[in-house]
Each structure stands twice: as C-alpha cells, then as structure tokens.
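Reading through the structure tokens given below for one structure.
Number of protein chains: 2
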Amino acid sequence: MYICCESQTQKATKNKPFNIDTMGNQKLYKGSLQTIILKLLAQNDKMYGYEITQKVKELTKGELKITEGALYPALHKLEAEGLLDVEVAKVGNRLRKYYKLTESGTKETANRLSEMQEFLSTMQQLVNPKFSLE
Amino acid sequence: MYICCESQTQKATKNKPFNIDTMGNQKLYKGSLQTIILKLLAQNDKMYGYEITQKVKELTKGELKITEGALYPALHKLEAEGLLDVEVAKVGNRLRKYYKLTESGTKETANRLSEMQEFLSTMQQLVNPKFSLE
DNA sequence: AAATATACATAATTTTCTTATGTATAAAAT
DNA sequence: ATTTTATACATAAGAAAATTATGTATATTT
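Here the protein sequences line up with chains V and B, keeping their order.
In terms of our numbering, the first sequence opens at residue 183 and continues consecutively.
In terms of our numbering, the second sequence opens at residue 183 and continues consecutively.
Spelled out as structure tokens, the structure:
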C-alpha cells in the first residue's frame, strides 16, 4: 500500500508507483563501481546486469545498492574499453546480457584491486583513530 | 632540469614550468576528500589549506595528493554548509586562512567518519579475497 | 638570478553518480 | 482475474566532485 502526499512531484506510472522509500543512502563512493563489477566477474566468470545488482546487495547485506542508472552505463563503458565481452542470451522470452572479463580485463582487474586495497588501507590509516599516526 | 617534448600542449609560465611529472595517480576516490578534511580538523583544531595538503601527503607517505583545484572548493563548500569557520591570519606578508570545525561540524564529522568506516569495511569484504563470502 | 616552495583562487572540462523515466515479460499476491 | 512486484534491459537530465590548467603574489633556496 502506497501513500503519497501532495507535495510529492513524482508521477505514478503503470509499473512504478509512487516510491516514498527512495531514501538516498547510497554509500557507494564514486569510482568504486567499476572495481566492484570487475571483481565479481573475476569470481563468477560470467554475470548479467541484474544479477550483479542482486549479488552486491546480498554480499553487502543491503549496504550497497547498485542502481540501474549507474550500472548499465558502467557495463557499457567497460565493454567499450575492451575489458568486458558481452554475450546475449534468451531466457524464456526475456533477454539477458552476460558479461565476462576479456584477457585485458583480467589484467586490469588485478590492477584495480590492488589500487583499491591500497586506497582502503590508506583511508583506514587516515580515519581510524586507533591507527592515527599523530 | 625540465625536458619537454613537442607533443606536449602545456605552456610554461613564469612560476609553473613544464611539469612532466604530473602523472595522474590520484587515488583519491571521489567523495572522500570532505571526510579527510573534517578528520584532520578534528585532530588538529585549526589548519590552513596548504597545511592540509602537506599533512595528507605526509600521513599517507605520498599516496594521497590533494590538489588545490579540489581542496579550495571543498573548503569553501564546507564553510558554506556551516561545518567550518574561517579566520584569516597574516603571516609575514602572506595571508593564511585558518579553518576550524564549528559545533555542527564536529557532529557531522562523527557521522562522516562512521559512514566512511562502514564503507571501508564493506569494500574490504567485497574486494579482499581472504574475506570473500563465496 | 632563477627555481622552487608557500598560499590563495577560479574556470573549463570530465567522470561518475542520482533521479526519473521508458519498455517489456514473468511471477506472486490480493 | 487483476494488480503488484520482480526480473531485465535502457537512456536522458542534472548534480556532485574531481582533474587540469590557469592566475596572482610572496618567501626561500639553489
């Protein structure tokens, strides 16, 4: 059951009714999405977009929610850069686009992951009082 | 001694000669700069812009380099949001702008830091093979 | 005297999101 | 049965936050 107050500018469409639960608690720091995608594909060989969103939600217990508006452009970009290959599959009457790492994608994934690790430990040093260097 | 190749589009100015060492290894993920600034001010009471860039460089052993183009707009924004107070000081013949946390800035810093911690541990889970949930 | 370091600033552009749409099929709920 | 939710793709407008390239000016070091 959805409730909508008048001040709300959102329109109800057939499939997407008023969504009052769209709270912007997206703690996904810019720049990390590509690395997340690459990492998942390194672990799972091939995945399709929707599957990635669900996997991330599951792995992070709802902490991180990949939005479609961020995901699909990111997949397209990684593909355009030659890091991913795409393979379209028809499941029932619906299409899926399976993505997998290319050879250069696999190499780049290693780079991105070590960069990410470095960033995480640097940030940890910086923000964790326990490890404060002062 | 600076060397410049012809293809380089950069112009030499009086004070900033050709900088061939501007390698884009800025591992500062978007969204973390404000938190870094707030954290430093929580530890150091008051700091000026240039001091912040040097402190970050020092604390991270050169890992993170805050650029001026990112720093100053960030400071101005935090000030506009009421999280920082500014106090201009004259040192010799040069001015410095000392920033310090306001009361609401102190509160917000706590929020930002715990959000950051949450993000870091979530990302750690996601990218560190040791902690992989699969 | 020239180069580097200190100290501020801003403008143009790029990257990467958020938010809001749109289309369409399949499954679940009322 | 019909509505809602879930699955599955996509894109466009706008915002946020960087990068890169400037600019000014003083102080210190080479």
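No residue lacks a Cβ here, since even glycine has one placed at the ideal position from N, Cα and C.
Note that the coordinates shown come from a computational prediction; the quantities given were computed from them, not determined experimentally.
Suppose the cutoff is 6 angstroms on Cβ atoms and the five residues either side in sequence are ignored; what does the same chain contact list for E290 of chain V look like? The count along the first sequence starts at 1 and reaches residue 290 of chain V at position 108. Here the set comprises L265.
Any C-beta of chain V sitting closer than 8 angstroms to the C-beta of D203 of chain B?
Walking along the second sequence from the start, residue 203 of chain B turns up at place 21. Residue confidence is low: D203 of chain B scores 34 on pLDDT, short of 50, so the model does not pin down where it sits. No coordinate-derived value is stated.
Do K212 of chain V and K212 of chain B have their C-beta atoms within less than 8 angstroms of each other? In the first sequence, the residue the question calls residue 212 of chain V occupies position 30. In the second sequence, the residue the question calls residue 212 of chain B occupies position 30. In this structure, K212 of chain V places its C-beta atom within 8 angstroms of the C-beta atom of K212 of chain B.
Q) If you measure from the beta carbon of L215 of chain B to each beta carbon in chain V, is any gap under 8 angstroms? A) Taking the first residue of the second sequence as 1, we reach residue 215 of chain B at position 33. Answer no: the Cβ-Cβ gap between L215 of chain B and chain V never drops below 8 angstroms.
Check: When the Cβ atoms of the stretch 300-310 of chain V are set against those of the stretch 299-313 of chain B, are three or more pairs found closer than 8 angstroms?
Finding: yes
Measuring only between beta-carbons, confirm whether T304 of chain B sits less than 8 angstroms from chain V.
Within the second sequence, residue 304 of chain B is the residue found at index 122, counting from 1. With 8 angstroms as the cut-off, T304 of chain B counts as an interface residue toward chain V.
Notebook entry, point to check: Does the stretch 225-239 of chain V come within contact of the stretch 253-265 of chain V, defined as at least 3 CB pairs closer than 8 angstroms?
Noted result: yes
task = Please work out which residues of its chain come closer than 8 angstroms, Cβ to Cβ, to Y280 of chain V, disregarding the five sequence neighbours upstream and downstream, and give them in chain order.
result = Here residue 280 of chain V is taken as the residue at index 98 of the first sequence, counted from 1. Cβ-Cβ distances below 8 angstroms link Y280 of chain V to K228, M229, Y230, V268, E269, V270, A271 in the same chain, with the five nearest sequence neighbours on each side left out; the list follows chain order.
Discussion item. Below 8 angstroms on C-beta distance, what does K212 of chain V contact in chain B?
Written reply: As a working note, residue 212 of chain V is residue 30 in the first sequence. Y211, K212, G213, listed in chain order.
Taking DSSP as the reference, what is the three-state secondary structure of Y232 of chain V?
The sequence position of residue 232 of chain V within the first sequence is 50, counting from 1. Residue state, collapsed to three classes: helix.
In the structure shown, what three-state DSSP assignment does K237 of chain B receive?
Numbered from 1 along the second sequence, position 55 holds the residue referred to as residue 237 of chain B. In the structure shown, the three-state DSSP call for K237 of chain B is helix.
inquiry  = Under 8 angstroms, Cβ to Cβ, is there at least one residue of chain B near M229 of chain V?
reply    = By 1-based counting over the first sequence, the position of residue 229 of chain V is 47. Taking Cβ atoms only, chain B never reaches closer than 8 angstroms to M229 of chain V, which makes this a no.
Item checked: Own chain, CB closer than 8 angstroms to L223 of chain B, minus 5 neighbours either side, in chain order -> Here residue 223 of chain B refers to the residue found at position 41 when the second sequence is read from its first residue. M229, L266, Y281, K282, L283, G287, T291.
- prompt: Applying the criterion that 16 or more other CB atoms from any shown protein chain within 10 Å of the CB defines a buried residue, is T217 of chain B buried or exposed?
  reply: Residue 217 of chain B sits at position 35 when you count from the first residue of the second sequence. Looking at its Cβ environment, which holds 16 or more other Cβ atoms inside 10 Å, T217 of chain B is buried.
*asked:* Using DSSP's beta-bridge definition, name the partner residues of Y280 of chain V.
replied: Position 98 of the first sequence, counted from the first residue, corresponds to residue 280 of chain V. V:Y230, V:E269, per the DSSP bridge assignment.
### Query
When the distance is taken between beta carbons, is E240 of chain B closer than 8 angstroms to T304 of chain V?
Taking the first residue of the first sequence as position 1, residue 304 of chain V is located at position 122. Taking the first residue of the second sequence as position 1, residue 240 of chain B is located at position 58. No, they are not a contact pair.
inquiry  = According to DSSP, simplified to helix, strand and coil, what is K212 of chain B?
reply    = By one-based count along the second sequence, residue 212 of chain B stands at place 30. K212 of chain B falls in the strand class under three-state DSSP.
- [ ] Can you pull the chain V residues whose beta carbon is under 7 angstroms from the beta carbon of I218 of chain B, in chain order?
- [x] Within the second sequence, residue 218 of chain B is the residue found at index 36, counting from 1. Chain V residues near I218 of chain B: L308.
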